[in-house]
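Number 54 in the UniProt record's numbering belongs to position 54 of the sequence shown; there are no gaps in the numbering.
Every residue gets a Cβ at the ideal spot worked out from N, C-alpha and C, and that includes glycine.
What follows is a set of notes on a single structure, which appears directly below.
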Amino acid sequence: MENRSKEKKNKLREGLTWQTEADSELHSSEWFGAIIRYFWHLGRREFNTFYNPKELKKNTIIGWICKMIMLILLMYIVYRYSTV
Numbered sequence: 001m002e003n004r005s006k007e008k009k010n011k012l013r014e015g016l017t018w019q020t021e022a023d024s025e026l027h028s029s030e031w032f033g034a035i036i037r038y039f040w041h042l043g044r045r046e047f048n049t050f051y052n053p054k055e056l057k058k059n060t061i062i063g064w065i066c067k068m069i070m071l072i073l074l075m076y077i078v079y080r081y082s083t084v
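Following this line, the structure appears as structure tokens:
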């Protein structure tokens, strides 16, 4: 009887997946990278060739660089138009 309750608790713990902010950032960078690479090839290759576990590192790096460039560009635009 006691074993069943322990097994049930372990299954409940395994089912819970807590997502942190770092996981969200990683996933968004991965998506941005895959989308950028897909459009870079003008859609000639299927999206699944870019969005798979083998291409995770490339997608994440490209997506992160793109997000940083957009952030710097946004900061420049705000700075440029905030000073009159």
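| Item | Value |
| --- | --- |
| Where the alpha helix (DSSP H) through G43 begins and ends | Element bounds for G43: n/a, residue is neither H nor E. |
| Start-to-end residues for the alpha helix (DSSP H) that takes in T60 | L56 to S82 |
| Buried versus exposed call for E30 [16 or more other C-beta atoms within 10 Å across all chains shown] | buried |
| Chain D contact for N52 (CB, 8 Å cutoff) | Protein chain content of the structure displayed is limited to a single chain, and chain D is not contained in it. |
| Simplified DSSP state of F50, which is helix, strand or coil | coil |
| CA nearest to the CA of S24, picked from W64, Y79 and I35 | W64 |
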